[in-house]
Amino acid sequence: MPPHPGDILELTIDTLAYGGQGIARHEDFVLFVRGAVPGDTVRAEVTRRKRSYAEARLLEIVAPSPARVAPLCRHTESCGGCEWQTLDYAAQLEFKQRQVEESLAHIGGLAGYELETIRGMDPPWRYRNKMEFSFGESDGALVLGLHRRTSWRDVVEIEDCWLAPVIVNRARQAVADACRALALAPYRRGEHEGLLRHLVVRHGRASGDLLINLFTTGRFAQERELAERVAALQPYSSFAVTVNESQADAAIGEGPFMIAGPPYLHEELAGARLRVPATAFLQTNTVMCVTLYETTLRFAAAERRRSAFDLYCGIGSIALALARAAGHVYGMEIEEPAIAAARENARLNAIANVDFSAGDVRKQLIEPPGPGMPGATSTESPAVVVVDPPRAGMARKAVERTASLGADRIVYVSCNPTTLAANGAQLGGLGYRLTRVAPVDMFPQTHHIETVALFERG
Ligand SMILES: C[S@@+](CC[C@H](N)C(=O)[O-])C[C@H]1O[C@@H](n2cnc3c(N)ncnc32)[C@H](O)[C@@H]1O
273 MPPHPGDILE
283 LTIDTLAYGG
293 QGIARHEDFV
303 LFVRGAVPGD
313 TVRAEVTRRK
323 RSYAEARLLE
333 IVAPSPARVA
343 PLCRHTESCG
353 GCEWQTLDYA
363 AQLEFKQRQV
373 EESLAHIGGL
383 AGYELETIRG
393 MDPPWRYRNK
403 MEFSFGESDG
413 ALVLGLHRRT
423 SWRDVVEIED
433 CWLAPVIVNR
443 ARQAVADACR
453 ALALAPYRRG
463 EHEGLLRHLV
473 VRHGRASGDL
483 LINLFTTGRF
493 AQERELAERV
503 AALQPYSSFA
513 VTVNESQADA
523 AIGEGPFMIA
533 GPPYLHEELA
543 GARLRVPATA
553 FLQTNTVMCV
563 TLYETTLRFA
573 AAERRRSAFD
583 LYCGIGSIAL
593 ALARAAGHVY
603 GMEIEEPAIA
613 AARENARLNA
623 IANVDFSAGD
633 VRKQLIEPPG
643 PGMPGATSTE
653 SPAVVVVDPP
663 RAGMARKAVE
673 RTASLGADRI
683 VYVSCNPTTL
693 AANGAQLGGL
703 GYRLTRVAPV
713 DMFPQTHHIE
723 TVALFERG
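If you read the sequence shown in this note's numbering, its first letter stands for residue 273, the second for the next number, and so on.
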């Protein structure tokens with residue numbers, strides 16, 4: 273008998289789903305239980321049933337898994353952040369490795385490649401170089417923290433997030449204290465009223481830069497006073513205000529309007545000094561990004577007399593690293609400010625054998641740059657194309673056009689093994705065989721997985 277909503281069941285968790293929930297079986301029916309880890313025996317209430325599976329809410333851990341560990345974070349019960357911190361780190365790595373393999377096999381039908389052991393982080397904490405906090409209200413007082421696990425509208429004050437560096441937590445505290453001292457009003461999500469919406473704090477590990485970006489519903493009179501009060505509590509390199517008048521509850525908007533400092537911070541990666549604009553993408557874990565880029569460059573094996581492509585290049589970090597070993601590198605990215613920063617980064621590092629262009633990769637590849645174009649060094653096809661798309665993966669046309677560049681190798685850097693698998697299956701049909709895969713743990717304590725995959729032609 274399939275379970276019904278409201279049923280209370282005792283379940284043993286067998287494994288983890290991609291997405292982080294524990295998976296159990298009840299008379300051959302699959303149940304997903306958030307917050308449960310493999311090896312746990314739990315009591316759970318069925319909340320939703322579909323034809324082939326159901327979801328259940330964890331009520332009680334009857335017998336804990338041997339892989340269960342005490343959480344470090346004191347906000348873990350209320351905060352929706354790092355859902356895997358109750359799972360021993362070695363077990364987290366083992367599950368991620370397995371999930372990469374399973375996604376590639378089940379979604380992409382991909383096998384027969386060399387799977388490297390996942391690279392873990394030591395210690396696996398305090399790695400996020402960018403944190404996005406939300407403003408809210410509790411009993412009429414301003415709070416600044418993260419969304420509550422059980423209610424997206426509620427915000428929990430987070431005094432010490434273990435995924436954030438200490439300085440980022442201090443910056444959150446300084447902004448919260450200064451906003452309270454000036455009696456600034458938090459935004460009310462239901463009523464679309466109030467001023468303060470989000471706080472984004474970015475930290476440059478090598479430079480020590482700290483960029484504070486406050487997202488509000490409008491410009492306000494006390495901006496400068498607020499910036500000064502925050503500086504007295506926690507010095508920073510930049511303080512900005514970004515205006516989001518829309519109903520969309522996200523850290524987006526017009527700006528940044530700089531109250532102090534420049535609209536960027538600096539970081540160092542793969543031997544290059546990088547300028548990172550306030551809103552540009554940067555890999556969130558700077559420590560593990562070194563491993564990620566080393567793996568990417570090792571798989572890419574750029575060749576001195578041949579060109580290379582870096583698609584979805586962001587601020588150009590991989591392209592600049594490739595340029596040290598390649599003839600010429602072409603970087604493509606959709607965000608204009610990121611491309612402007614990539615060009616600036618090439619200048620800052622005196623790297624001349626690289627060209628960057630802004631626009632959708634899918635459209636840019638209709639007429640790709642190449643032999644005969646300015647900067648081209650040979651008439652041959654590129655030695656390698658590196659692609660690093662967002663979580664949704666590459667559009668089918670983009671995959672097709674990437675393959676038609678005719679490179680010997682395609683190195684796919686992926687933050688989502690399910691879209692890597694789907695794109696990988698398409699590459700298989702276009703003459704590229706998956707030969708090597710290396711998972712890198714960029715997101716300890718969470719279910720997110722980063723993978724570098726090497727596809728070779730022929
Ligand atoms: C995962 S990030 C990778 C950035 C860079 N490789 C790095 O390591 O910092 C993906 C990038 O793809 C860009 N992007 C998203 N969709 C795109 C598209 N259709 N065409 C070109 N770039 C795109 C995003 O703006 C983002 O900078």
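We put the CB at the ideal spot given by N, CA and C, even for glycine.
*asked:* Measuring only the C-alpha atoms, how far is residue 632 from residue 420?
replied: 36 Å
*If you drop the 5 nearest sequence neighbours on each side, which residues of the same chain put their C-beta closer than 7 Å to that of residue 287?*
295 and 310
*Does the beta-carbon distance from residue 512 to residue 485 come in below 8 Å?*
yes
_To the nearest angstrom, how far is the alpha carbon of residue 444 from that of residue 663?_
28 Å
*Quick one: residues in its chain with C-beta nearer than 6 Å to the C-beta of residue 360, no 5 flanking neighbours on either side, listed in chain order?*
339 and 341
_Taking 8 Å as the cut-off, does the region 533–540 touch the region 682–698 (at least 3 CB pairs, one atom from each stretch)?_
As far as the Cβ criterion goes, the region 682–698 does not touch the region 533–540, which means the pair count is below three.
_Residue span of the alpha helix (DSSP H) that contains residue 722, given as start and end_ = Residue 722 -> not in any alpha helix (DSSP H); beta strand (DSSP E) instead, spanning 722–729.
*Assign residue 341 to one of three DSSP states: helix, strand, or coil.*
Looking at residue 341 - three-state DSSP - the assignment turns out to be coil, as it is neither helix nor strand.
*Return the CA-CA distance between residue 711 and residue 721, expressed in angstroms with no decimal places.*
7 Å
*Residues of its chain near residue 531, where Cβ-Cβ distance is below 7 Å and the 5 sequence neighbours each way are ignored*: 495, 496, 499, 511, 512 and 513
_Between residue 581 and residue 657, how many whole angstroms is the CB-CB distance? I'm expecting something under 8 Å._
Yes, residue 581 and residue 657 are in contact; Cβ-Cβ is about 4 Å, under 8 Å.
*Counterpart residues of residue 603 in DSSP-defined beta bridges*: Residue pairing by DSSP puts residue 603 in a beta bridge opposite 582 and 628.
_Determine whether the beta carbon atoms of residue 399 and residue 435 lie at a separation below 8 Å._
In this structure, residue 435 lies closer than 8 Å to residue 399 by Cβ.
*Could you check which residue in 599, 566, 552 and 713 has the C-alpha nearest to that of residue 575?*
599
_Residue from 396, 481 and 501 whose Cα sits closest to the Cα of residue 549_ = With distances taken between Cα atoms, residue 549 lies closest to 481.
*Beta-carbon gap between residue 587 and residue 617 smaller than 8 Å*: yes
*Grouping DSSP H, G and I as helix and E and B as strand, with all else coil, what is residue 648?*
Per-residue confidence for residue 648 stands at a pLDDT of 48, beneath the threshold of 50, marking its modelled position as unreliable; the derived number appears in the next sentence. In this structure, residue 648 counts as coil in the three-state DSSP scheme.
*Check the C-beta distance from residue 677 over to residue 641 and give it rounded, since I have them as a contact under 8 Å.*
Between residue 641 and residue 677 the Cβ distance is about 10 Å, and since that is not below 8 Å, they are no contact.
*How many Å lie between residue 326 and residue 275 at the Cα?*
C-alpha separation (whole angstroms): 8 Å.
*asked:* Is there a Cβ of chain D sitting closer than 8 Å to that of residue 340, yes or no?
replied: This model lacks chain D altogether; it includes just one protein chain.
_Residues near residue 544 by beta carbon distance below 6 Å, same chain, minus five either side_ = 592 and 621
*Do residue 280 and residue 317 have their C-beta atoms within less than 8 Å of each other?*
yes
*Based on the DSSP secondary-structure assignment, which residues constitute the bridge partners of residue 524?*
The partner list for residue 524 (beta bridge, DSSP) is empty, contrary to what the question assumes.
*Report yes or no: do three or more beta-carbon pairs, one from the region 517–526 and one from the region 450–458, lie closer than 8 Å?*
Between the region 517–526 and the region 450–458, the count of C-beta pairs closer than 8 Å stays below three; the two stretches do not touch.
*asked:* Let me check understanding here. Comparing Cα to Cα, which of 507, 467, 533 and 479 lies closest to residue 493?
replied: The candidate whose alpha carbon is nearest that of residue 493 is 467.
*Own chain partners of residue 646 with C-beta closer than 6 Å, once the 5 adjacent residues on each side are dropped*: Below a pLDDT of 50, predicted positions are generally treated as unreliable, and residue 646, at 48, falls in that range; the measurement from the model is reported next regardless. Within the same chain, residue 646 has no close Cβ partners at all.
_With a threshold of 7 Å (Cβ to nearest heavy atom), would residue 587 be considered close to ligand 1?_
yes
*Quick one: using the 10 Å Cβ neighbour count with 16 as the cut-off for buried, is residue 469 buried or exposed?*
buried
*asked:* Given this structure, state the Cα-to-Cα distance separating residue 729 from residue 680, to the nearest angstrom.
replied: Cα to Cα, residue 729 sits roughly 5 Å from residue 680.
*Return the bridge partner residues of residue 536 from the DSSP annotation.*
549
_Between residue 634 and ligand 1, is there a pair consisting of the residue's CB and a ligand heavy atom that are separated by less than 7 Å?_
yes
_Please report the straight-line C-alpha distance between residue 438 and residue 417, rounded to a whole angstrom._
Cα to Cα, residue 438 sits roughly 15 Å from residue 417.
*Starting from residue 749, follow the alpha helix (DSSP H) in both directions and report where the run begins and ends.*
This structure leaves residue 749 out entirely; the chain is present only between 273 and 730.
*Consider the C-beta atom of residue 574 and the heavy atoms of ligand 1; say whether any pair is separated by less than 7 Å.*
no
*Across which residues does DSSP place residue 402 in a beta bridge pair?*
474
*Nearest-angstrom Cβ-Cβ length linking residue 312 and residue 343, presumed shorter than 8 Å*: The pair is not a contact, with the Cβ atoms about 14 Å apart (cut-off 8 Å).
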